[in-house]
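Engineer: Read top to bottom, the protein sequences are chains A and B. For the first sequence, the tail end lands on 489 under this note's numbering, and the numbers increase by one without skipping. For the second sequence, the tail end lands on 978 under this note's numbering, and the numbers increase by one without skipping. Virtual Cβ for every residue (Gly too), placed ideally from N, Cα, C.
There are 2 protein chains.
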Amino acid sequence: MNDYAALEQKFARIACLNEAASMLSWDAAAMMPDGGAEARGEQLATLAGLAHEFLAAPEIAENLAAARPETDWQEANVALMREAHIRATALPRDLVEASVRAGRACENIWRQARQESDFPAVRAALAEVVNLTRESATILGGALGMAPYDALMSQYQRGITAADATAIFTRYETFLKDALPKAEALQAARKTAALPPGPYPEAVQEKLARELAAAAGLKFSSARLDRSAHPFCGGTPTDIRITTRYDESDFASSLMGVLHETGHALYEQNLPAAFRRQPVGEAAGMAVHESQSLIIEMQAVRSDAFLSHLAPILTNRFGKGITLGALKSRLRHVARSFIRVEADEMTYPAHVLLRFRLEQALLSGNLAVADLPGAWNDGFHALLGITPPDDRQGCLQDIHWYDGAIGYFPSYTLGAMAAAQLMAAARKAVPDMDALLARGDISGLSGWLAQHVHGLGSSLGFNEILTNATGEALNPACFEAHLTARYLS
Amino acid sequence: MNDYAALEQKFARIACLNEAASMLSWDAAAMMPDGGAEARGEQLATLAGLAHEFLAAPEIAENLAAARPETDWQEANVALMREAHIRATALPRDLVEASVRAGRACENIWRQARQESDFPAVRAALAEVVNLTRESATILGGALGMAPYDALMSQYQRGITAADATAIFTRYETFLKDALPKAEALQAARKTAALPPGPYPEAVQEKLARELAAAAGLKFSSARLDRSAHPFCGGTPTDIRITTRYDESDFASSLMGVLHETGHALYEQNLPAAFRRQPVGEAAGMAVHESQSLIIEMQAVRSDAFLSHLAPILTNRFGKGITLGALKSRLRHVARSFIRVEADEMTYPAHVLLRFRLEQALLSGNLAVADLPGAWNDGFHALLGITPPDDRQGCLQDIHWYDGAIGYFPSYTLGAMAAAQLMAAARKAVPDMDALLARGDISGLSGWLAQHVHGLGSSLGFNEILTNATGEALNPACFEAHLTARYLS
Chain A
1 MNDYAALEQK
11 FARIACLNEA
21 ASMLSWDAAA
31 MMPDGGAEAR
41 GEQLATLAGL
51 AHEFLAAPEI
61 AENLAAARPE
71 TDWQEANVAL
81 MREAHIRATA
91 LPRDLVEASV
101 RAGRACENIW
111 RQARQESDFP
121 AVRAALAEVV
131 NLTRESATIL
141 GGALGMAPYD
151 ALMSQYQRGI
161 TAADATAIFT
171 RYETFLKDAL
181 PKAEALQAAR
191 KTAALPPGPY
201 PEAVQEKLAR
211 ELAAAAGLKF
221 SSARLDRSAH
231 PFCGGTPTDI
241 RITTRYDESD
251 FASSLMGVLH
261 ETGHALYEQN
271 LPAAFRRQPV
281 GEAAGMAVHE
291 SQSLIIEMQA
301 VRSDAFLSHL
311 APILTNRFGK
321 GITLGALKSR
331 LRHVARSFIR
341 VEADEMTYPA
351 HVLLRFRLEQ
361 ALLSGNLAVA
371 DLPGAWNDGF
381 HALLGITPPD
391 DRQGCLQDIH
401 WYDGAIGYFP
411 SYTLGAMAAA
421 QLMAAARKAV
431 PDMDALLARG
441 DISGLSGWLA
451 QHVHGLGSSL
461 GFNEILTNAT
471 GEALNPACFE
481 AHLTARYLS
Chain B
490 MNDYAALEQK
500 FARIACLNEA
510 ASMLSWDAAA
520 MMPDGGAEAR
530 GEQLATLAGL
540 AHEFLAAPEI
550 AENLAAARPE
560 TDWQEANVAL
570 MREAHIRATA
580 LPRDLVEASV
590 RAGRACENIW
600 RQARQESDFP
610 AVRAALAEVV
620 NLTRESATIL
630 GGALGMAPYD
640 ALMSQYQRGI
650 TAADATAIFT
660 RYETFLKDAL
670 PKAEALQAAR
680 KTAALPPGPY
690 PEAVQEKLAR
700 ELAAAAGLKF
710 SSARLDRSAH
720 PFCGGTPTDI
730 RITTRYDESD
740 FASSLMGVLH
750 ETGHALYEQN
760 LPAAFRRQPV
770 GEAAGMAVHE
780 SQSLIIEMQA
790 VRSDAFLSHL
800 APILTNRFGK
810 GITLGALKSR
820 LRHVARSFIR
830 VEADEMTYPA
840 HVLLRFRLEQ
850 ALLSGNLAVA
860 DLPGAWNDGF
870 HALLGITPPD
880 DRQGCLQDIH
890 WYDGAIGYFP
900 SYTLGAMAAA
910 QLMAAARKAV
920 PDMDALLARG
930 DISGLSGWLA
940 QHVHGLGSSL
950 GFNEILTNAT
960 GEALNPACFE
970 AHLTARYLS
């Protein structure tokens, strides 16, 4: 067996372990009784430990040095394998173990601290996490030839730098300053009908969610829809597991949630089968993944055309008069708010921008952990004109930093912007898009995405995928145009 | 770390992989969409391959040679580790791979052949499986100091030999010759009420099954009940997964099935936690496991006392008059039949005895595969006085031999007999047993089992467990007494 083939075989074995872990994580969230938690933790730790051990093995380095890839895809595959091997070996074992311990300890303290809005309680633990993350980022950056923050950011999304994101987000800040008050004024002036009060029976919501997901292209012969406290899309490309939660007073959150996860699922289902279980056959990163969930949920489903199709269906299924106007008010409402995960699509980027700036400052040391709450509140006020009443609604709200995930936040907004840019390109390629959406038909869009995004796997990075599909790297003008059309006209 | 501690750590890692595989196998049977089958096969093969690799590692042999166990349990643990290591290393890799391939190929052919009742179609493939199994059994027997058939049988149940089983089964043959016609005559003379026709709604069956399982001691905080085509008990001791299937025309099969699996589950739940993930902390074998499912299902639940408690509950839940007499007729009916899995408790051992004799003859070479159908039909007639009309209802009915499992069959009947013997001992220890069962209370029995069987893990073998719990090795008189009391009085 030649070295390239040996690498493919070794990475396929690693991928099998990761697939097993993915299914067990789904099970833990959707099925497992409480009593199984401790054993499950051990099982997942064993699988992760083995995957790391195999990835870091010296024979991988030997294969990488001698491998002679024969196609562009093989070459991209080897490059990704090399980066993965470097990431798995660059850090001293002591540092990795200290980071895992610090993250776990900090996360535990944070759960309590958030509940009690007590930042000082978690300050020291967070400082430890930030210090260890800085140390790791510096070593990884050196090994990969990147700035420390970029070394973190690129583990979630390759192909776009913090400098790129800074320029784009700063421009958005200017846009928002102008657009948000206008949108709020228009919204206030508009007569909005409220949705009828519930109950919206869970069983009806679930049946409809299934039908809409299937209509969007989710193949239930290779997928399941279940319940969990926090909705997600897990599993593997031929066995997707999406979850949601139901609220009988509000059908919209489960339906939009399922369609969001369906966007993720379509991406996974359409990844290139010829490179299954290879790095180049995987999704291209978290920002690209988010673009795929948001292009279904925000661009397609919340469009005028699709909602005009959906309103009568909802009326029929729930036996309550649900007008297009009321549906739009519910699904396209702009509001300044403190909690990121509840934010609308116009203000969401402000939440991300704040975190993006602060996490870079924490990592560089320009911001001391002790000063985080003040910097958060000042930054939040500067962006959205309101100040969180407490740290629970401020710098304590997200788990990310407290369990050591620095560099992830920009993915959310890069994804939202990429979704708008991809939708604009898809509209050019599929000229009857609105007519299709008005019939509830997402296949024109999803077919285009399968070809221009899903099928590429990780053969290209973030900006390369956009350039390939739309003719240019990420251009925030598309997202601004989308918001202008939806909220300012 | 000393060698014993190193062994515990290595076996715990292997156990974690096996736990992961167990959960994924449950998922494959109870949850997985069809599209996931191929990937799941690869995941399970990867986990099994790694578990085998770790078990066969030369460092294990070094640790075993140097280990100094300090307690009886540690000593038993090391002995089990040693046997597992020998089993994992004794066979040449070529032979293992050829056996896996042959078993898989034969099983595939068998599925079709069974459907078409076409033994000649699978004859050559089965001959290959038998030849390879003979070769493996001879090598394993040499390595373990056992006869070839015992080497196979003991991988399913340690602590009882084929010679022991032969004596016991032969005695049962004599008992059956006399008892079966008598039981049939008594049954024919009795006036039996039929159960009212269905439907027995699935939801009511499921709710009741859950309640009965919980009442029997199954902790749903560490267990689930789901559906699958073939009921089983899987998962891990702190996360048991039992499954059943429902038939709205017959409540009895799901209820008895769930209580049977509950017996397996109680065993797993009560295994010694101090030796979790160690060989000595596992269940003692398939025959002991079967004794635990059958002592709940056959000895406790189908007793006069428990059924007198159950009948009014069924009447109430299903809103149909279900008399004790009709329930007994349904659950305690003796009949000569061709299919093992549908056989009653009196004739079931005849099905096993036939297979036990034939598989030994196949393995030794005394019976040629080509002569199997004839030998089956002759043997069946000699035991039960009827002849299968075709091989589908004869030697093609079970998967076991066709996928290479020789030596498993005796476990079923050894388990049934052990259940009767354990029940007799439990009745002496818990003198008000029938009063408890008549109130639906199985805790007296299950508490006794937890102490005398479950908590022992694999520290003792089959006959040692029985001797320890009942004062003697397996004595078929208890099973005969049980059948006599239930069917001949």
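Taking DSSP as the reference, what is the three-state secondary structure of Asp715(B)?
Structural biologist: Correct three-state label for Asp715(B): strand.
Engineer: What span of residues does the alpha helix (DSSP H) with Ile954(B) cover, start to end?
Structural biologist: Taken as a continuous stretch (DSSP letters only), the alpha helix (DSSP H) holding Ile954(B) covers Phe951 to Thr959.
Engineer: Could you check which residue in Asp398(A), His482(A), Leu460(A) and Phe409(A) has the C-alpha nearest to that of Phe119(A)?
Structural biologist: Here the closest residue by C-alpha is Asp398(A).
Engineer: With distance defined between alpha-carbon atoms, name the residue in Gly538(B), Tyr645(B), Ala958(B) and Val618(B) nearest to Glu779(B).
Structural biologist: For the residues Gly538(B), Tyr645(B), Ala958(B) and Val618(B), the minimum Cα distance to Glu779(B) belongs to Tyr645(B).
Engineer: Using DSSP's beta-bridge definition, name the partner residues of Gln646(B).
Structural biologist: Per DSSP, Gly774(B).
Engineer: Could you check which residue in Leu925(B), Asp492(B) and Leu536(B) has the C-alpha nearest to that of Glu559(B)?
Structural biologist: For Glu559(B), the nearest C-alpha among the options comes from Asp492(B).
Engineer: Return the chain-ordered list of same chain residues with a C-beta closer than 6 angstroms to the C-beta of Ala12(A), the five sequence neighbours on each side being excluded.
Structural biologist: Cβ neighbours of Ala12(A) beyond the five flanking positions: Arg277.
Engineer: Does Glu848(B) pass the burial test, meaning 16 or more other C-beta atoms within 10 Å, or should it be called exposed?
Structural biologist: By the neighbour-count rule (16 or more Cβ atoms within 10 Å), Glu848(B) is buried.
Engineer: Within the chosen definition, does the segment 99–114 of chain A reach the segment 122–132 of chain A through at least 3 CB pairs nearer than 8 angstroms?
Structural biologist: Taking 8 angstroms as the limit for Cβ pairs, the verdict is that the segment 122–132 of chain A does touch the segment 99–114 of chain A.
Engineer: Using DSSP with H/G/I as helix, E/B as strand and the rest coil, what is Ile60(A)?
Structural biologist: Here Ile60(A) sits in helix by DSSP.
Engineer: Closest Cβ-Cβ distance between Gly457(A) and chain B: below 8 angstroms?
Structural biologist: No, Gly457(A) does not count as interfacial toward chain B.
Engineer: How would you label Pro431(A), buried or exposed, when you count the other beta carbons within 10 angstroms and need 16 or more for buried?
Structural biologist: By the neighbour-count rule (16 or more Cβ atoms within 10 Å), Pro431(A) is not buried but exposed.
Engineer: For a contact meaning CB atoms closer than 7 angstroms, what does Ala361(A) contact in chain B?
Structural biologist: By Cβ distance, chain B contributes nothing, its closest Cβ being about 41 angstroms from Ala361(A), past 7 angstroms.
Engineer: Any heavy atom of the ligand GTP closer than 7 angstroms to the CB of Ser154(A)?
Structural biologist: Judged by which ligands are present, the structure shown has none, so any question about the ligand GTP falls away.
Engineer: Would you say the segment 381–399 of chain A touches the segment 184–192 of chain A, given that touching needs at least three Cβ pairs under 8 angstroms?
Structural biologist: Output reads no: the segment 184–192 of chain A does not touch the segment 381–399 of chain A.
Engineer: Listing by chain order, which chain B residues have their CB less than 8 angstroms from the CB of Lys207(A)?
Structural biologist: What Lys207(A) touches in chain B: nothing, since even the nearest Cβ is about 18 angstroms away.
Engineer: Based on Cα-Cα distance, which residue from Gly960(B), Val942(B), Ala970(B) and Thr650(B) lies nearest to Pro899(B)?
Structural biologist: Of the candidates Gly960(B), Val942(B), Ala970(B) and Thr650(B), the one whose C-alpha sits nearest the C-alpha of Pro899(B) is Thr650(B).
Engineer: Evaluate contact between the segment 770–788 of chain B and the segment 946–962 of chain B, counting only Cβ atoms and requiring at least three cross-stretch pairs below 8 angstroms.
Structural biologist: As far as the Cβ criterion goes, the segment 770–788 of chain B touches the segment 946–962 of chain B, which means the pair count is three or higher.
Engineer: Taking DSSP's pairing of strands, which residues face Ile731(B) in a bridge?
Structural biologist: BP columns for Ile731(B) point to Leu714(B) and Cys722(B).
Engineer: Assign Asp178(A) to one of three DSSP states: helix, strand, or coil.
Structural biologist: DSSP places Asp178(A) in helix when its eight states are reduced to three.
Engineer: Would you give the residue range spanned by the alpha helix (DSSP H) that Lys320(A) belongs to?
Structural biologist: Careful: Lys320(A) lies outside any alpha helix (DSSP H) and carries neither H nor E.
Engineer: Please list, in chain order, the chain A residues whose beta carbon lies closer than 8 angstroms to that of His967(B).
Structural biologist: Per the sequence shown, residue 967(B) should be read as Cys rather than His. In chain order: nothing, as chain A lies at least about 35 angstroms away.
Engineer: Taking Asn18(A) as part of the alpha helix (DSSP H), name the residues at either end of that continuous run.
Structural biologist: Counting along the chain, the alpha helix (DSSP H) containing Asn18(A) begins and ends at Asp3 to Ala30.
Engineer: Just curious, the alpha helix (DSSP H) that Phe251(A) is in, first and last residue?
Structural biologist: Where Phe251(A) is concerned, the enclosing alpha helix (DSSP H) stretches over Phe251 to Gln269.
Engineer: Could you list which residues in chain B have their beta carbon closer than 8 angstroms to that of Pro33(A), in chain order?
Structural biologist: Going along chain B in sequence order, the residues near Pro33(A) (Cβ under 8 angstroms) are Phe709, Ser710, Ser711, Ala712, Arg713 and Asp728.
Engineer: According to DSSP, is Asp118(A) helix, strand or coil?
Structural biologist: Asp118(A): coil per DSSP, three-state reduction.
Engineer: Which residue marks the beginning of the alpha helix (DSSP H) containing Leu456(A), and which one marks its end?
Structural biologist: Note, Leu456(A): premise wrong, no alpha helix (DSSP H); not H, not E.
Engineer: Residues bridged to Asp247(A) by DSSP?
Structural biologist: DSSP, once it has assigned bridges, lists Asp250(A) as partnering Asp247(A).
Engineer: Relative to the C-alpha of Leu580(B), which candidate in Glu564(B), Gly631(B), Glu605(B) and Met570(B) has its C-alpha closest?
Structural biologist: If we check each option's Cα against that of Leu580(B), Gly631(B) comes out closest.
Engineer: Which residues of chain B have a Cβ atom closer than 7 angstroms to the Cβ of Leu17(A), listed in chain order?
Structural biologist: Those within 7 angstroms of Leu17(A) in chain B are Thr535.
Engineer: Just the Cα atoms here: how many angstroms apart are Ser742(B) and Ala517(B)?
Structural biologist: In a straight line, the C-alpha of Ser742(B) is about 23 angstroms away from that of Ala517(B).
Engineer: Are the beta-carbon atoms of Ile406(A) and Thr133(A) separated by less than 8 angstroms?
Structural biologist: Yes, they are a contact pair.
Engineer: Ends of the alpha helix (DSSP H) at Tyr891(B)?
Structural biologist: First-last for Tyr891(B): undefined, no H or E at that position.
Engineer: Roughly how many angstroms separate the alpha carbons of Arg357(A) and Asp164(A), rounded to a whole number?
Structural biologist: When rounded, the distance between both Cα atoms is 13 angstroms.
Engineer: If distances are taken between C-alpha atoms only, which option among Gly929(B), Ile828(B), Leu852(B) and Ala908(B) comes closest to Arg603(B)?
Structural biologist: That would be Ile828(B), whose Cα lies nearest to the Cα of Arg603(B).
Engineer: Can you look up Tyr200(A) in the DSSP assignment and give me helix, strand or coil?
Structural biologist: Of the three classes helix, strand and coil, the one that applies to Tyr200(A) here is coil, per DSSP.
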